[in-house]
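A.B. asks: Protein chains in written order, with this note's numbering: chain A, 1 to 493; chain B, 1 to 499. The C-beta atom is built at its ideal place from N, Cα and C for all residues, glycine as well. Owing to the predicted nature of the structure, the values given are computational and were not obtained by experimental measurement. First the structure, then my questions, so here it is.
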Amino acid sequence: MDIGLLSIIIFLPLLVSVILLILPISMKVTRNIAFATTIVIFFLSLSIFFRFQLEGYMQFREFHPWIKTYGIYYSLGVDGFSLMILMLITTLIPLAYLFLWKTKKAKGYWASMLMIQTGVTGTLLSLDMVLFYFFWEAMLLPVFMIIGIYGTGNRIFSTIKITIYTIMGSLFMLVSILYLGVKFYQEFGIWSFQLSDLVQITTLSNTEQVLLFFGFMIAFAVKIPLFPFHTWLPQTYSNSPTGGVFLLSAIMAKLGIYGIVRFVLPLFPKQYVEFAPYFVALGIFGLIYFGIAALMQQNIKRMFAYSSASHLGFITAGIFSLNAYGMMGAAFLIVAHAMATGGLFLLVGTMEYDLGTRTISGLGGIAKKAPYFTVAFALMLLSIVGLPGTNGFVSELLIIMGVFKYSHLAGVISAITVLVAASFMFWLFQRAILVKTDNDVSGMKDLDKKEIIGIFALAAIVIAMGIYPHWFLYKIEPTIQHYLVDILKVGLH
Amino acid sequence: MKYDDIIYLLPLLSVGVGAVVLMLLSPIKRFGIGKLAVVTIFFLGFALFFNALNYGVLYSVYPYKDLLSSMLIEDTFSGYFTTIILAGGVITVLVGTHYFEKSKMLRGELFSLLLFSVFGMLLLVQSSELFTSFIALEIASISLYVMIGFQKNDLKRVEGSFRYLVLGSLAGVVMLLGITLIYARTGSTNLLAIGHYINAHPDENMLLVITGGTLIMITFLFKISAFPFQNWSMDVYDGAPLPVTAFMASTFKVAIFGFMLRIILVDFQQFKPLLNHILIYITILTLLYGSFLAIFQTSIKRMLAASSIVHTGYLLIAFVSIGSIGEASATSIIFYLIAYFLSSMGAFGMLSYIASDDHVRVTYEDFRGFSHIRPYMAAMMGIFMLSLAGIPSTIGFIGKFYIFVGAIETGNTILAVVGILATFVSVYYYFKLIALMYFYPSSEMTNVPPLKGLPPLIIGLMAIAVIWGGIGNSIISYFPGVDFLIDTAKLAFESLFIH
C-alpha cells in the first residue's frame, strides 16, 4: 500500500509513542525522541505548505478502501482551511514541548502527548465521516489519560466530566452520520460516508435536516465550547496538566470550529444560513458572558479558560457571519488565539511549576524576578487584547467588520465587548505581575533558554502575522471563497 | 458431494466422544488438571480442524438424511457458529485452568461437563428440528447448572445453580409446550416442513403456530436474559465461578442467537411483523433496565453480568431489523456476536486470571491503581472495556456501527437512539474501571499473578484481535480484517436459503 505524506503526518506520532511505551527507556530519552518526532512532523507539514496550490479544493488526497461493505474509505485531503490549522498544530506542538521540558512526569505523559497529536491531525485531515468520527473519539482517550493521571486537584471528577460531555456530544453526531449514510444508500443504492458524496443527498426533509444539523452542532458546541455546553470547561482547564490544557485550549477547541466549517456548512447550507443569526447572537453572548466570568476569577487558569471560551464565541460569530471578512477573521483568529492562549497557558504552567500557586491573590511583583517571563506574558496578552501590530488585532478587526456587515447592532456590540477582554487582562497583569505585594515570589525563576526560544518564536509569529497578514491569509482565501460562493451561494462582498 | 457425510458430523462427534472420554478419565488420580486440560483441548482442536475444512464453502447438507431423519443440518451458517462455540470452549479451558488450579475446587469432571455443554450448543446451532433443539438446549443447560454449583461448599454457587436450574427448567417446559402447539397445527417439528406448511397455507388461522412460536421465543429470551426474563442472570452470573460465567455470558449467548436466527430467518419470517411489535418494547426495556442495573454495581463481575443484558439489547435491535433487511441485519448480528464474544471473553478471562483465588473479591475498588502494578494487564483490560463501550478503534465500535446503521435503515431510528443512549450510559461504568486502574497510585492487589504462561498470551491475542477488528485491513492488504468477517458472515447467511 502506498502511504502518502498526510498519513505519515498523522500516524508517525502514534507509531513512535507505541514504540516508546513498549521499549524500556528512561523518561528523558522518551521526551527527546518525542520532541524530535514533532520537529520531523513540522518539516513534513512545511513541505505541504510550500507545495500547496492556490485553489479552494482538496489536495494531497489519499484514498484507500477501508471497510468496503459499508463504503467506508480511508480518505484524507487538505484544503486551505485545514492547511492553516495543520500548520498551526505542527508549529505549536514542538514549541510547547520546550515548555514542558522540565515537567517531572513519567513516560506516559509524552506518549500521550504524541497520541493526542495523531488524533488531532487525523481529525483534521479525514474526509470520510466515519474516519473523522474515529479520530474525533480516539483523540479523547489520551486526553482522558493525561488529565486523569497527571492532572491536579479534583482531576478524576473533571476527567469523567469532560469524557461524558464530549462522548454525549459525539454520539449525537454519530447518529447523524449514520443517518446520512443510510439516506445516501437509499437514494443512490451504494454505501458511502464520504463527505463529498453525502453532500449530494437530496431526499432529506426539512425537519430531518434541522435535526441532523443540530446533531452535528451539539458535538461541536461541546468541544468549542459554546454557551450552554461549557460547564466542563473551568474545572477541566484548571485541573489539567499544562500540556493537556494547552492542547485542549489551543487546538482541540479549534477543531470544533473546524468541524462546523468542514462538515456542517457543506452538508446543511440552508440550515447554516437559516440559523446563522442565532449562532452569531450566541457567539456574541458567549463573548460577553465568558468575558465577565473571566473578570471574576481568582484562579489564573480558570480566568484563561473563560477568556479562551470568550474568544471562541467571537470566532463562532465570525464563521456564521456569512461573509468573507467574518470567515477570514475567524480563520485568522483561530490561529492567533491558539498562539496567544496556548502561550499564556504555557507561561502560567511554568509559573505554577515554580511557585505552586495560580491564584491571583497569591502573586505579585513577578516582573522584577522574571523579566523575560513578563515580556513574553505581556506580548501574548496584548495579542489577546487585540493591540494593533499583533495578529489579534487583524483577526478581531476582520471579524468585527464581518459581523458589522451582517448586522450593525451585532457589530457594535461585538466591538464594544472587546473592552471586556482588555479589562480583565490588564487587571490580571497589574495584580499578578507588576505590583509588588507581600507574597513571596522568590521561587519564581525566569524562563530558561529553551523556553525563551519557544515563546519568542511564538511571539515572532504573532507579530509577523500582525504586521503582514497577507502572507498568512492568501493560502486560505480561495478555500473561503469556495465555501461562500459555491456552497452557501452568498455574494463575496 | 465432495465428502462423506461423516466429515460434517466429526466436530460434533469429536466433542461428544471427548466428553465421555474425559468422564472416564477424571476419576483416575494420575490425571491432574493440566493433563485433563490438554485432553480437552485436543478434542476441541480436533473438532475445530474438521470444522475448518469446510471454511469458505457455501454448503448445506442434511447428514445421513434418512438415518437421522433430517434432524441435523450442516451448513455454512452452523459451521460459522460451531467455530465460535468451539473457540469459546478452548478459551474457557485455556484461561480457566489457571483459575481452577488455584481455587482447588476443580475435579476433573468439570472438563467433561464443559465438553457436554459445548456439545449441546453445537447440537443447538446444527439442529433443524424443534425437539432436537430442545434436547440440545437441555444438554447445554444441565451441564451448566452443575458447573455453576460445582463448588458446593460455597452457598452463593449453590444458590446460583439452583436458581438457574429451577427457572431454566421452567423455561424448558414452556418451550416444550410451544413445540407441541406447533406440532398440533403443522403436523411436523422439522423447521423446513413447518416453513413449507406456513407458506402453503397463507390464509389459515395460525394462532396455534403463533402461540407456540411465542412460547419458544420466551424460552430463548429467557436464556439470553432479555427483559422481562432477565432477573435470574445477575445472581447466577455472579454465583458461578468466573470462567463458567465467561462461558455462559458469551459462548452460550452466541449459540442461542445462532438458533434464534435460524428459526426467524427460515421459519417464522412471516410472523416477523407481528413479533416486531413486541420485540421493539422488549429491546428498549432490555437496554434501559440493563443499563440501570449496570450503573449501580460495585463488583466488576456483576457489572459485566448486567452489561451483558445491555449487549443482548443491542443484538435485539438488529433482530428487530431482520424483517426488512434480512441479510444486512443478520450479518450485523453475526458480526456483533464475534465482537461481543472477543471483548467479554477477554474481560472475564482477565478477571478470572487475576482472581484465581476466591479470597480476592473483584470489585471496582480492587482495581485501584492496577496499572502501576501490572501495566500490560491493565492495558488489556482497558482495551476490552473500550470495546464493550463501543469506542472507535475497537471491534465493539464496528459492531455497534452496523447494528445502528441497520436500525436506521429499517426506519427504527428510535431504537438506534435508545441504543446510543445506552452506549452513552455504558461509558460511565466501563470508564470507571479504566479511571480506577490508571488514576490512582495505591493498590491492594498485591497477590496478582504475574504475566506468565498461556492464559495471558491468549488474552493478549484477544486484545490484539479486538483492536485489529476495529481498525480493519487498510494497513496490510490481503490480511483478514473487518471485511473478511463480514464476508464470512454473509456467506453463513446465504447458506440458510439453499434448501
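Pull out every residue of the stretch 152-164 of chain A whose Cβ sits closer than 8 Å to any Cβ of chain B, in chain order.
C.D. replies: Within the stretch 152-164 of chain A, the qualifying residues are R155, I156, T159, I160, T163 and I164.
A.B. asks: Please classify S442/A as buried or exposed, where buried requires at least 16 other C-beta atoms within 10 Å of its C-beta.
C.D. replies: On the first sequence, residue 442/A is found 442 positions in, with the first residue counted as 1. Exposed, because fewer than 16 other Cβ atoms sit within 10 Å of the Cβ of S442/A.
A.B. asks: Can you give the Cα-Cα distance for I10/A and G169/A, rounded to whole angstroms?
C.D. replies: Along the first sequence, read from residue 1 onward, the residue named residue 10/A stands at position 10. Along the first sequence, read from residue 1 onward, the residue named residue 169/A stands at position 169. Computed Cα separation, rounded: 24 Å.
A.B. asks: Could you pull the DSSP bridge partners for L72/B from this structure?
C.D. replies: Counting from one through the second sequence, the residue named residue 72/B turns up at place 72. Partner(s): S127/B.
A.B. asks: Residue range of the alpha helix (DSSP H) that I78/A falls in?
C.D. replies: Taking the first sequence and counting its residues from 1, one reaches residue 78/A at position 78. Note on identity: in this sequence residue 78/A is Val, with Ile being the wrong assignment. Not the alpha helix (DSSP H): V78/A falls in the beta strand (DSSP E), residues I72 to V78.
A.B. asks: Just checking: is the beta-carbon of I391/B within a distance shorter than 8 Å of some beta-carbon in chain A?
C.D. replies: Translated into the one-based positions of the second sequence, residue 391/B becomes position 391. Chain A contact via Cβ: present.
A.B. asks: Closest to L495/A by CA distance: which of V273/A, R155/A, K368/A and G313/A is it?
C.D. replies: The displayed coordinates of chain A run from 1 to 493. Any statement about residue 495/A would go beyond what the structure contains.
A.B. asks: Between the C-alpha atoms of L304/B and S426/B, what's the straight-line distance to the nearest angstrom?
C.D. replies: Within the second sequence, numbered from 1, the residue matching residue 304/B stands at position 304. Within the second sequence, numbered from 1, the residue matching residue 426/B stands at position 426. Roughly 11 Å between the two C-alpha positions.
A.B. asks: Comparing alpha-carbon positions, which option in F188/A, T236/A and L180/A lies nearest L212/A?
C.D. replies: Taking the first sequence and counting its residues from 1, the one referred to as residue 212/A is at position 212. Taking only the C-alpha atoms, the option nearest L212/A is L180/A.
A.B. asks: Report the rounded CA-to-CA distance for T91/A versus T92/B, giving the unit in angstroms.
C.D. replies: For the purposes of this step, residue 91/A is taken as the residue at position 91 of the first sequence. For the purposes of this step, residue 92/B is taken as the residue at position 92 of the second sequence. Computed Cα separation, rounded: 51 Å.
A.B. asks: With a floor of 3 residues, list each beta strand (DSSP E) that falls wholly inside the stretch 58-142 of chain A, ordered by position along the chain.
C.D. replies: For the stretch 58-142 of chain A, whole beta strand (DSSP E) runs of length 3 or above, ordered along the chain, are 59-67 and 72-78.
A.B. asks: Ignoring anything shorter than 4 residues or poking outside the stretch 357-394 of chain A, list the alpha helix (DSSP H) runs there in chain order.
C.D. replies: Runs found: 366-369 and 371-385.
A.B. asks: Return the CA-CA distance between G153/A and L419/A, expressed in angstroms with no decimal places.
C.D. replies: Counting from 1 along the first sequence, the entry for residue 153/A is found at position 153. Counting from 1 along the first sequence, the entry for residue 419/A is found at position 419. Each residue's alpha carbon lies about 32 Å from the other.
A.B. asks: Under the three-state reduction of DSSP, which class applies to N299/A: helix, strand or coil?
C.D. replies: Here the question's residue 299/A lines up with position 299 in the first sequence. Three-state DSSP puts N299/A in a strand.
A.B. asks: Are the stretch 475-482 of chain A and the stretch 310-330 of chain A touching, with three or more C-beta to C-beta distances below 8 Å?
C.D. replies: Enough Cβ pairs lie closer than 8 Å, so yes.
A.B. asks: Please name the residues in the stretch 113-137 of chain A whose beta-carbon is closer than 9 Å to at least one beta-carbon of chain B, in chain order.
C.D. replies: Of all residues in the stretch 113-137 of chain A, V130, Y133, F134, F135, W136 and E137 have a Cβ within less than 9 Å of some Cβ in chain B.
A.B. asks: Which residues in the same chain have their Cβ closer than 6 Å to the Cβ of F81/B, if we skip the five residues on either side of it in sequence?
C.D. replies: As a first step, residue 81/B is located in the second sequence; it is residue number 81 there, counting from the start. Counting only Cβ-Cβ distances below 6 Å, and skipping sequence neighbours, we find V125 and G258.
A.B. asks: Could you work out which residues of chain A lie near E409/B, taking near to mean beta carbons separated by less than 8 Å?
C.D. replies: As a first step, residue 409/B must be located in the second sequence, where it is residue number 409. Correct list: V182, Y185 and Q186.
A.B. asks: Buried or exposed: where does L457/B fall if 16 or more other Cβ atoms within 10 Å of its Cβ makes it buried?
C.D. replies: By 1-based counting over the second sequence, the position of residue 457/B is 457. It is exposed - the Cβ of L457/B has fewer than 16 other Cβ atoms within 10 Å.
A.B. asks: Could you tell me which residues DSSP puts in a beta bridge with V61/B?
C.D. replies: As a first step, residue 61/B is located in the second sequence; it is residue number 61 there, counting from the start. In DSSP, V61/B forms a bridge with E74/B.
A.B. asks: Please state whether DSSP places T40/B in a helix, a strand or coil.
C.D. replies: For the purposes of this step, residue 40/B is identified with residue 40 of the second sequence, where counting begins at 1. Residue state, collapsed to three classes: helix.
A.B. asks: Are the C-beta atoms of V175/A and some chain B residue less than 8 Å apart?
C.D. replies: Locating residue 175/A in the first sequence gives position 175, where the first residue counts as 1. Taking Cβ atoms only, chain B reaches closer than 8 Å to V175/A, which makes this a yes.
A.B. asks: Out of A330/B, S233/B and L436/B, state which residue places its alpha-carbon closest to the alpha-carbon of T286/B.
C.D. replies: Counted from its first residue, the second sequence places residue 286/B at position 286. Measuring from the Cα of T286/B, the nearest candidate turns out to be S233/B.
A.B. asks: Mark F314/A as exposed unless 16 or more other C-beta atoms lie within 10 angstroms of its C-beta, in which case mark it buried.
C.D. replies: Stepping through the first sequence from its first residue, residue 314/A is reached at position 314. Under this definition F314/A is a buried residue.
A.B. asks: Nearest to L342/B by CA position, among G32/B, I6/B and M462/B, is which residue?
C.D. replies: Taking the first residue of the second sequence as position 1, residue 342/B is located at position 342. The residue with the shortest Cα to Cα distance from L342/B is M462/B.
A.B. asks: For G566/B, count neighbouring Cβ atoms within 10 angstroms of its own Cβ and tell me buried if that reaches 16, exposed if not.
C.D. replies: Because residue 566/B is not part of the residues shown, which for chain B are 1 to 499, the question remains open.
A.B. asks: Tell me which residues of the stretch 62-87 of chain A have at least one Cβ-Cβ distance to chain B shorter than 8 Å, keeping chain order.
C.D. replies: Here the close residues are H64, P65, W66, I67, K68, T69, Y70 and Y74.
A.B. asks: With a 10 Å radius around its C-beta and 16 neighbouring C-beta atoms as the bar for buried, classify D238/B as buried or exposed.
C.D. replies: The residue labelled residue 238/B in the question sits at position 238 within the second sequence. Classification of D238/B: buried, given that the 10 Å Cβ count is 16 or more.
A.B. asks: What is the DSSP secondary structure of T242/A, counted as helix, strand or coil?
C.D. replies: Counting from one through the first sequence, the residue named residue 242/A turns up at place 242. Correct three-state label for T242/A: helix.
A.B. asks: Under 8 Å between beta-carbons, which chain B residues line up against I167/A? List them in chain order, please.
C.D. replies: The residue given as residue 167/A occupies position 167 in the first sequence. Neighbours of I167/A on chain B, chain order: F424 and V427.
A.B. asks: For I146/A and chain D, any beta-carbon pair shorter than 8 Å?
C.D. replies: In the displayed structure, chain D is absent; the protein chains listed are A and B.
A.B. asks: What does S26/A pair with, by DSSP beta-bridge criteria?
C.D. replies: For the purposes of this step, residue 26/A is identified with residue 26 of the first sequence, where counting begins at 1. The partner list for S26/A (beta bridge, DSSP) is empty, contrary to what the question assumes.
A.B. asks: What are the boundary residues of the alpha helix (DSSP H) that includes W191/A?
C.D. replies: Within the first sequence, the letter at position 191 stands for residue 191/A. W191/A -> no alpha helix (DSSP H), and no H or E assigned at all.
A.B. asks: How do the stretch 339-349 of chain A and the stretch 245-252 of chain A stand: do at least 3 beta-carbon pairs fall below 8 Å, yes or no?
C.D. replies: Enough Cβ pairs lie closer than 8 Å, so yes.
A.B. asks: Taking the alpha carbon of L5/A as the reference point, which residue from K405/A, A317/A, F60/A and A276/A has its own alpha carbon closest?
C.D. replies: Taking the first residue of the first sequence as position 1, residue 5/A is located at position 5. Of K405/A, A317/A, F60/A and A276/A, the residue nearest in Cα terms is F60/A.
A.B. asks: Shorter than 8 Å from the beta carbon of I295/B to some beta carbon of chain A?
C.D. replies: Mapped onto the second sequence, residue 295/B falls at position 295. Cβ-Cβ to chain A under 8 Å: no for I295/B.
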